[in-house]
Each structure stands twice: as structure tokens, then as C-alpha cells.
Amino acid sequence: MKSRQLVVVLEDATIINTQSGLLKVLIRTEDNTLVDVSPHLRVPRTSKQFDSLLVHLMFKRQVKSQERDNVLMRVIKNNIEVALPPGSRRFGMSVGGRPVSLKEFCHQFKQVDYPVVFHVGAVSHSQPKGTVTHVEEVLSISNHGLTAAHVCAKLCSEFELLMQVT
3 MKSRQLVVVL EDATIINTQS GLLKVLIRTE DNTLVDVSPH LRVPRTSKQF
53 DSLLVHLMFK RQVKSQERDN VLMRVIKNNI EVALPPGSRR FGMSVGGRPV
103 SLKEFCHQFK QVDYPVVFHV GAVSHSQPKG TVTHVEEVLS ISNHGLTAAH
153 VCAKLCSEFE LLMQVT
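Taking this note's numbering, I'd label the letters of the sequence shown as residues 3 to 168.
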């Protein structure tokens, strides 16, 4: 359920709907499978349909569109260092991280030519596995625990404003 809500929020974000290449979505499952999500994916709006999609993905290793032969989701080699853009700045998001103003923090990336990666864990309880090992710093944008979907919505919204994506 958490993953579906998160992917729906990202799909609905203007920054991905422009298909400008400004947002890349990778999902790591609890069993350590790494999934690349295409911006062309239209996420099923019910949990049952989404679960069926994930079952298909795990068996076939990819999900293709029905109309065309586009790959919408695919299992990729489980090497996060290879999957993430080279030269990227990487940050983890956690209520226990260093408190920052999201607007002020994101503003530093207005005129940069390197990718910025945010690891957001979609878990019900505790800290997501593997987040801290691949980031330079863990940040907190709220004094309260936020859902992964809420964190992603705030990040997308802030970068849409920053990059003037409409």
C-alpha cells in the first residue's frame, strides 16, 4: 500500500508529467529487488490492481504497455551505485535527520549541473534498510514523522517551483 501511494504521488507530480527527464524513480523492495519505473507508467489506482502489477513484474522481470512495446517497469541489476547517476549528490530523508528548511535546502541546487538524489523509505515503521549507506547526509524536513508519499510530494513541489516547471 505504501509503495502504491508513493508512486501515485510521483506520477501526479508536474515535474514527471512534463516528461522532461527531471525525475527518475527507482524502487527497492523489501527483498532487495531494484525496480526502474518509467515516467510513462500509469499506476493502477487500486491496491489490488497494483499488487497484480507487482506480481507480474516479479515473475516476468518487466511490465510492458499493452498498446506499445514500451517497458513501464523493469527489474534491474541490484547495484544502487550503478543505477544512480554518476556524480550525483545523495541525501536520505528521515525524521531523525538534520533539520532543514526544504525551501532553503533545495535552493542550493537551482544552478547546478549534477543530479540530486533523495532516498525516501516507504516503510510503516522504523528506518528503511540501506538508506544511510548510500547518502552523504540524512535530512529532516519536519519535526513529525511524514509518510513517504508526503515527503515526495513536498520534494517534487519544491523542485517544480525552483525549476519553474509548469
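Where is the CB? At the ideal position from N, CA and C, for every residue including glycine.
As the structure is a prediction and not an experimental result, all values here were calculated from the model.
Note: residue 121 is bridge-paired with 94 in the DSSP secondary-structure output. Sequence-distant partners of residue 118 (beyond 5 residues in either direction) whose C-beta falls short of 7 Å from its own C-beta, in its chain, are 90, 91 and 111. Of all C-beta pairs linking the stretch 94–107 to the stretch 140–147, three or more are shorter than 8 Å, placing the two stretches in contact.
Per DSSP, residue 139 is one residue of the beta strand (DSSP E) stretching across 139–142. Counting along the chain, residue 26 sits inside no alpha helix (DSSP H), nor does DSSP assign it H or E at all.
In this structure, residue 109 sits near residue 164, with a CB-CB distance shorter than 8 Å. Residue 113 and residue 161 have their C-alpha atoms roughly 12 Å apart. The beta carbons of residue 137 and residue 107 sit about 14 Å from each other, so the pair does not count as a contact at 8 Å.
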